[in-house]
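Heads up: the sequence lines are chains A and B, in that order. Just so we're on the same page, the working numbering is the position in the first sequence counted from 1, plus 416. Just so we're on the same page, the working numbering is the position in the second sequence counted from 1, plus 416. What follows is a short report on a single structure.
2 protein chains.
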Amino acid sequence: MQRDTRQRRAIRRVFVNAGRPLTPDEVLEHGQRIVPSLGLATVYRNVKALADDGWLSQVELPGGGLRYELAERPHHHHFLCRSCDLAFDVHKCPDEVEELAPEGFEVDGHELILFGRCAECR
Amino acid sequence: MQRDTRQRRAIRRVFVNAGRPLTPDEVLEHGQRIVPSLGLATVYRNVKALADDGWLSQVELPGGGLRYELAERPHHHHFLCRSCDLAFDVHKCPDEVEELAPEGFEVDGHELILFGRCAECR
DNA sequence: GAAGAGATGAGAACTAATTATCATTATAGC
DNA sequence: GCTATAATGATAATTAGTTCTCATCTCTTC
Numbered sequence: 417m418q419r420d421t422r423q424r425r426a427i428r429r430v431f432v433n434a435g436r437p438l439t440p441d442e443v444l445e446h447g448q449r450i451v452p453s454l455g456l457a458t459v460y461r462n463v464k465a466l467a468d469d470g471w472l473s474q475v476e477l478p479g480g481g482l483r484y485e486l487a488e489r490p491h492h493h494h495f496l497c498r499s500c501d502l503a504f505d506v507h508k509c510p511d512e513v514e515e516l517a518p519e520g521f522e523v524d525g526h527e528l529i530l531f532g533r534c535a536e537c538r
Numbered sequence: 417m418q419r420d421t422r423q424r425r426a427i428r429r430v431f432v433n434a435g436r437p438l439t440p441d442e443v444l445e446h447g448q449r450i451v452p453s454l455g456l457a458t459v460y461r462n463v464k465a466l467a468d469d470g471w472l473s474q475v476e477l478p479g480g481g482l483r484y485e486l487a488e489r490p491h492h493h494h495f496l497c498r499s500c501d502l503a504f505d506v507h508k509c510p511d512e513v514e515e516l517a518p519e520g521f522e523v524d525g526h527e528l529i530l531f532g533r534c535a536e537c538r
């Protein structure tokens, strides 16, 4: 059976508090403030398990490396800061984007990414 | 000075003919139909040089690995086929997307990616 | 509180993408 | 055509991200 470890609780808390997509490295860094011994392999294992459980979902943004965010959230998009490289949520969405595809193409999803500098970095 | 080699001409021709973003592997594959001896290192070198010259631009889509496309083209977006993994151009753009950013964020660009199955794969 | 089994942590191993090395080839200018 | 040298191609090396290994630890159950 699956155990409820300090590490896994810490990782879940990190995502709930962050409210934005996190890379495994960011999860490690924030998680170590709760469980200092936390290791990177444990982050990868748990993040993968939580994604398999449907509690997290993968976010692929430019710049390489997967990020993860809480699943089961309302449709939204992302902002990627060119300065600090953090990803943020954008809660608005232009409607009818999926109509833009070329003739004959079948669209089943979309991702909109805004680039710029976040409030902190300006 | 910079030389005009068969390989470089072939690589340029591949991009002009493709009309969509290509990975280095795709460039290699298509380029070898023109210059069979073409090697992967040469593709990387030339693609990088052409991007430095401003003739190509980088496209980062989910799925890892950079793609390149002709620069100096009108604003457009991309469609990524989940089946064959090829990227295609989308020539329409929803206006005013950059207004969607959270308060205090400075937007200087955006990318819209549609996912689904291309005409060929359906 | 003991025992069994899943989870952890440190580092090694792996992977895919990209870049460097270097002997050989081919282009540009004479 | 000849020469100097930039470019090529095969392969090795590097890199960043991720996964594996295994001895040890710690939940859970009894």
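Don't be surprised by glycine CBs; every beta carbon is placed ideally from N, CA and C.
The ligand MN heavy atom lying under 8 Å from the CB of B:P518: With respect to the ligand MN, the structure offers nothing, as it holds no ligand at all.
A:H491 at chain B interface by Cβ criterion, 9 Å: no
At least three beta-carbon pairs within less than 8 Å, the stretch 441-448 of chain A to the stretch 456-465 of chain A: yes
B:A503 vs B:V475 beta-carbon contact at 9 Å: yes
For B:L477: DSSP bridge partner residues: DSSP output for B:L477 lists no bridge partner at all.
Nearest to A:T439 (by Cα), restricted to the options A:E515, A:R538, A:F521 and A:G480: A:G480
A:L502 in three-state terms, based on DSSP: When DSSP states are grouped into helix, strand and coil, A:L502 belongs to the coil group.
Residues near B:G525 in its chain [Cβ-Cβ closer than 7 Å; skip 5 each side]: none
Residue of A:V513, A:D441 and A:P518 minimising C-alpha distance to A:Y484: For A:Y484, the nearest C-alpha among the options comes from A:D441.
Residues near B:R436 in its chain [Cβ-Cβ closer than 8 Å; skip 5 each side]: E485, L502, A503, F504 and D505
Beta-carbon spacing of A:L472, B:V513 below 9 Å: No, these two residues do not count as a Cβ contact at 9 Å.
Amino acids of chain B, ordered along the chain, whose beta-carbon sits closer than 8 Å to that of A:A535: P518, E519, G520 and F521
Per DSSP, cross-strand counterpart(s) of B:R600: Because residue 600 of chain B is not part of the residues shown, which for chain B are 417 to 538, the question remains open.
As assigned by DSSP and simplified to three states, the class of A:G435: coil
Under 7 Å by beta carbon: chain B residues contacting A:I529: H526 and E527
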